[in-house]
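J.: Quick one: this structure, given as structure tokens, is what I'll be asking you about.
Residue numbers (this note's numbering): 38 to 154.
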């Protein structure tokens, strides 16, 4: 695993999302919302990986921006799953805290990088 903090944190969040979606499917038989959460939660890391592997600063900024968008979309799905009572409050607060930390890092990266264009 890379030592780059955003790469490591986005991968860890993706893995946590996969595990949560497996629980939602197995224990709650919830497939539609879990599929949406799986997509957005893992796409954060996908776009981060594409950004750090990119060929240009412009590509980096675009992919980090897409990762941030996916973090925002993930917030929506987590809230919906929580309000549908498919997650208890502690589970929701824990994963949402991780998502917020990731979104904050991405926001800072995007703002800093756009300023350098």
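Note that beta-carbon positions come from the ideal geometry of N, C-alpha and C, so glycine has one too. What you are looking at is a predicted structure, and each value in this text was computed from that prediction instead of being measured.
Is the segment 75-82 in contact with the segment 105-114, if contact means three or more CB pairs nearer than 8 Å?
T.: yes
J.: Does the segment 43-53 come within contact of the segment 63-70, defined as at least 3 CB pairs closer than 8 Å?
T.: no
J.: Between the Cα of residue 59 and those of 96, 93, 123, 71, spot the shortest distance and give me the residue it belongs to.
T.: 71
J.: Please work out which residues of its chain come closer than 7 Å, Cβ to Cβ, to residue 68, disregarding the five sequence neighbours upstream and downstream, and give them in chain order.
T.: 62
J.: Can you tell me whether residue 85 is buried or exposed, with buried defined as 16 or more other CB within 10 angstroms of its CB?
T.: buried
J.: Going by C-alpha to C-alpha distance, which of 143, 121, 120, 138 sits closest to residue 99?
T.: 143
J.: Does the Cβ-Cβ distance between residue 55 and residue 102 come in under 8 Å?
T.: For the 8 Å CB-CB criterion, residue 55 and residue 102 do not form a contact.
J.: Apply the 10 Å Cβ neighbour rule to residue 136 and answer buried if 16 or more other Cβ atoms are within range, or exposed otherwise.
T.: Buried: at least 16 other Cβ atoms inside 10 Å.
J.: Taking the alpha-carbon positions, what's the residue 51 to residue 88 distance?
T.: 16 Å
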